[in-house]
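Asks:
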Amino acid sequence: MQCFVLLTVTVLFVTVLSYPYNHLENQFLSRSKRSPEELYLDDDYVLVCCDKLQKVGKLTPDEIEVLGACQDEVENKLGVRDENTPLKEYFLNYSTCGNQCLFEKHGWIEEDGNITEQAAVQIATTQLGVEDETLLQEISRHCPAVSSDYTENRNENYTCKRTAMMFYTCAFDIMNLNCPEEHVICNEGCDRRMQRIKTLYQ
Numbered sequence: 006m007q008c009f010v011l012l013t014v015t016v017l018f019v020t021v022l023s024y025p026y027n028h029l030e031n032q033f034l035s036r037s038k039r040s041p042e043e044l045y046l047d048d049d050y051v052l053v054c055c056d057k058l059q060k061v062g063k064l065t066p067d068e069i070e071v072l073g074a075c076q077d078e079v080e081n082k083l084g085v086r087d088e089n090t091p092l093k094e095y096f097l098n099y100s101t102c103g104n105q106c107l108f109e110k111h112g113w114i115e116e117d118g119n120i121t122e123q124a125a126v127q128i129a130t131t132q133l134g135v136e137d138e139t140l141l142q143e144i145s146r147h148c149p150a151v152s153s154d155y156t157e158n159r160n161e162n163y164t165c166k167r168t169a170m171m172f173y174t175c176a177f178d179i180m181n182l183n184c185p186e187e188h189v190i191c192n193e194g195c196d197r198r199m200q201r202i203k204t205l206y207q
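Here this note's numbering = 1-based position in the sequence shown + 5.
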């Protein structure tokens, strides 16, 4: 199988807050190995393993306003990273809190903390640009349950709830699995993730 050998992108607010994302990513990518305390994050973040998914759409004024408000909230909550906090841990907490804020302000998370199938379709179309009906059905069928299970069982390593971030992680996993062969990105992280999730979503 032919595939692109590219750096995997870890998405912060998925396509937003570009300055803090680029600033942190440039520092993070300069490190070739993760420290032991970061291993729990191995499958805990968005991976882009399909080069068709890396296009960023134009944000509306309302979206920019919401993102700005969320950025302020996140920075007030997390503060400045100290030297004892691993960069990736801070980076993922930043994206986790930002996405959670974004989902809450858009009303995509119910009072019980869950995402409905209807909201899942709206998120996939407006935030991720998904138009294919089969993909929308797969995302709305799997990802609300994935994000709900995660918020109930595995929040101890994060400052904010993981509902939104795990929804995005699930959605990108499904889109990666359905990536046309000529657009697949090959690297160790993507190969490992794809092997793990094939049994979950196919």
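Ideal placement from N, C-alpha and C gives every residue a C-beta, glycine not left out.
May I ask you to report which of helix, strand or coil DSSP gives residue 55?
Replies: DSSP places residue 55 in strand when its eight states are reduced to three.
Asks: Residue 120 and residue 168: beta carbons closer than 8 Å?
Replies: Contact: yes.
Asks: Any chance you could list the beta strand (DSSP E) runs of at least 3 consecutive residues sitting entirely within the segment 71–136, in chain order?
Replies: Fully enclosed beta strand (DSSP E) runs of 3 or longer: not present.
Asks: Which whole-angstrom value describes the C-beta separation of residue 164 and residue 83, a residue pair presumed to lie in contact below a C-beta threshold of 8 Å?
Replies: With a Cβ gap of about 7 Å, residue 164 and residue 83 count as contacting.
Asks: Taking the continuous alpha helix (DSSP H) assigned at residue 64, which residues delimit it?
Replies: That residue, residue 64, is in no alpha helix (DSSP H); it is neither H nor E in DSSP.
Asks: What first and last residue would you give for the alpha helix (DSSP H) that runs through residue 195?
Replies: Note, residue 195: alpha helix (DSSP H), 193–206.
Asks: Rounded to the nearest angstrom, what separates residue 105 and residue 171 at their Cα positions?
Replies: Cα to Cα, residue 105 sits roughly 10 Å from residue 171.
Asks: Indicate whether residue 72 and residue 107 have their beta-carbon atoms separated by less than 8 Å.
Replies: Yes, they are a contact pair.
Asks: Taking the alpha carbon of residue 173 as the point to measure from, which residue in 147, 117, 90 has its own alpha carbon closest?
Replies: Per the Cα distances, 147.
Asks: With burial defined as no fewer than 16 other Cβ atoms inside 10 Å of the residue's Cβ, what is the status of residue 124: buried or exposed?
Replies: By the 10 Å Cβ count, residue 124 comes out buried.
Asks: Using beta-carbon positions only, say whether residue 151 and residue 141 come within less than 8 Å of one another.
Replies: For residue 151 and residue 141, no; Cβs fall outside 8 Å.
Asks: Give the straight-line distance between the Cα atoms of residue 70 and residue 86, rounded to the nearest whole angstrom.
Replies: C-alpha separation (whole angstroms): 25 Å.
Asks: Excluding the five sequence neighbours on either side, which residues of its own chain have a C-beta within less than 8 Å of the C-beta of residue 98, listed in chain order?
Replies: Excluding residues within five positions, the ones whose Cβ falls inside 8 Å are 83, 163, 164, 165.
Asks: Please classify residue 148: does DSSP put it in a helix, a strand, or coil?
Replies: Residue state, collapsed to three classes: helix.
Asks: What did DSSP end up calling residue 183 once you bin it into helix, strand or coil?
Replies: Of the three classes helix, strand and coil, the one that applies to residue 183 here is coil, per DSSP.
Asks: In angstroms with no decimal places, state the Cα-to-Cα distance between residue 54 and residue 144.
Replies: Near 17 Å, if we compare the C-alpha coordinates of residue 144 and residue 54.
Asks: Suppose contacts are defined by Cβ-Cβ distances below 8 Å. Is residue 155 in contact with residue 182 by that definition?
Replies: Their beta carbons are not under 8 Å apart, which means residue 155 does not touch residue 182 by this criterion.
Asks: What is the C-beta distance between residue 56 and residue 190, in whole angstroms, given that I count them as a contact (C-beta under 8 Å)?
Replies: About 6 Å separates the two Cβ atoms, so the contact holds.
Asks: Taking all protein chains shown into account, decide if residue 198 is buried (16 or more other Cβ within 10 angstroms of its Cβ) or exposed.
Replies: With 16 or more other Cβ atoms within 10 Å, it is buried.
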